[in-house]
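Structure record follows, encoded as structure tokens.
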Amino acid sequence: MYRFKVSKMGCGGCAKSVTRAVLGIEPDAQVEVDLGAKLVTVSGSGGPADRIARAVTAAGYPAEPVHALA
Numbered sequence: 001m002y003r004f005k006v007s008k009m010g011c012g013g014c015a016k017s018v019t020r021a022v023l024g025i026e027p028d029a030q031v032e033v034d035l036g037a038k039l040v041t042v043s044g045s046g047g048p049a050d051r052i053a054r055a056v057t058a059a060g061y062p063a064e065p066v067h068a069l070a
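Below you can see the structure in the form of structure tokens.
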């Protein structure tokens with residue numbers, strides 16, 4: 001599971017664009033969007049986090065990985 005902070009995401013249309021960007025490179029991933037927190041959680045993905053972040057950023061929504069505290 002990966003989490004990304006997507007600060008430019010502010011509406012439902014943005015959330016759909018971000019979800020499409022993730023699914024475009026990871027079709028089997030589950031994508032959850034929290035607009036209030038500007039967080040995107042991707043699970044079920046076999047791809048590296050940086051590849052997902054690049055795809056979301058290329059869609060116009062700069063994505064920064066959020067690392068969970070152990």
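With the numbering used here, the residue at position 8 of the sequence shown is 8, and numbering never jumps. Just so it is clear, CB atoms sit at the ideal spot from N, CA and C, and this is done for glycine as well.
Exposed unless 16 or more other CB atoms sit within 10 angstroms - verdict on residue i
i	result
E26	buried
A37	exposed
A55	buried
M1	exposed
A53	buried
Expected contact under 8 Å - CB spacing of residue i and residue j to nearest Å
i	j	result
L23	V31	7 Å
P75	S17	In the structure as shown, the chain starts at 1 and stops at 70, and residue 75 therefore has no counterpart that could be examined.
DSSP state of residue i mapped onto helix, strand, coil
i	result
D50	helix
L23	helix
Chain-order list of residues whose beta-carbon lies under 7 Å from that of residue i (same chain, five-residue window excluded)
i	result
G44	D28, A29 and Q30
A15	M9, V33 and L35
Residues near residue i in its chain [Cβ-Cβ closer than 8 Å; skip 5 each side]
i	result
D50	P65
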